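Student:
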Amino acid sequence: MKSDKRDIDRVGFAARLMNVAPAEGEPIITDTEPVFTSNQLSVVKAVGVVELGDEALEDNIEREGFEDTLIAMIGGQAGIDLEELYINGDTGSGDPYLALIDGWNKLAGAQLTGVASADFDPVDVESMFEAMLVELITNNTVFLRLRAQMKFWVSWKVENDYREVLRARGTDLGDSAQTANRPLAYKGIPVIPVFNMPVGEVLMAHDDNLVYGIRRDIRLEPDRLPRSGRTDFVVTFRTDANYEQEDGAVHATGYTG
């Protein structure tokens, strides 16, 4: 991103474009205009500090090379933390970091729950998948054309429970689900485990609809504190997440398995 704010513009048609051709000399029966809408990215700043004491550096088997190892580890953890913010961000959260933004789970246009069996059976993983699929294609028929691009982004528990359901069927698919680390799918839609997805939650969306922006490259800077005998590594980034079209996403909570 080149600025602190960026519009995510989209255009589409809310109704049929084509109509009966008018007779010669007759006016066109109806005009259809494209509908322009937009969401916005508005970046916030996050910072992390890692302390490396001089003794830890001197005593480590890698010696000076350990600093490079630590920098690589910091970069990896920063990526995990960004994913957590994009997925679980909630400005109403009691966690100050997650309260920085509203993330994809919070912003999804359709919100389903298994609490009190309101929208699906909370102990039946296929009931949840089916409810999410029906919700999307019933209320947002335009996404029928994008079904091949959709994915279920799930927690490790949901993926494991679905694997157990397939295993219990006693078929070749069930055997391979148990013995091989093959990707799973529900009615052709991939089921993908995500490290930061909360245990009882699932997000259904397609990749291109999940939008994020970083104001500038993630910055990692050393801050030498000789009196304290340490070096602080300070990592900062400015970022936000949103949807291109939130109506094309379904978020489910309350699954217990």
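In terms of the UniProt record's numbering, the sequence shown has 255 at position 255, counting the first letter as 1, and numbering is strictly consecutive.
In this text, a Cβ means the ideal position worked out from N, Cα and C, and glycines have one as well.
The structure presented is a predicted model; accordingly, all values stated were derived computationally and were not measured.
Would you call Pro122 buried or exposed, if buried means 16 or more other Cβ atoms sit within 10 Å of its Cβ?
Tutor: Buried, by the Cβ-count rule.
Student: Using alpha carbons as the reference points, say which of Leu57, Ser42, Met132, Ala46 lies closest to Asp240.
Tutor: Just measuring C-alpha positions, the residue of Leu57, Ser42, Met132, Ala46 sitting nearest Asp240 is Ser42.
Student: Anyone know if the C-beta pair for Val211 and Val165 falls short of 8 angstroms?
Tutor: For Val211 and Val165, no; Cβs fall outside 8 angstroms.
Student: Per DSSP, which residues does Ile192 bridge with? Please list them.
Tutor: Trp153
Student: What did DSSP end up calling Ile214 once you bin it into helix, strand or coil?
Tutor: strand
Student: Using the Cα positions of Gly94 and Ile71, report the straight-line distance between them to the nearest angstrom.
Tutor: 30 angstroms
Student: Kindly identify the DSSP beta-bridge partner or partners of Ser228.
Tutor: Per DSSP, Ser228 has no beta-bridge partner at all.
Student: On the DSSP letters alone, give me the boundaries of the beta strand (DSSP E) that Gly79 sits inside.
Tutor: Where Gly79 is concerned, there is no enclosing beta strand (DSSP E), although the alpha helix (DSSP H) it sits in stretches over 65-88.
Student: Can you give me the start and stop residues for the beta strand (DSSP E) that Val202 sits inside?
Tutor: 202-206
Student: Helix, strand or coil for residue 317, going by three-state DSSP, please let me know.
Tutor: In the structure displayed, the chain extends from 1 to 257; residue 317 sits before or after that span and is not available.
Student: Suppose the cutoff is 8 angstroms on Cβ atoms and the five residues either side in sequence are ignored; what does the same chain contact list for Val115 look like?
Tutor: Pro122, Thr253, Gly254
Student: With respect to the beta strand (DSSP E) encompassing Glu51, which residues constitute its N-terminal and C-terminal limits?
Tutor: 44-53
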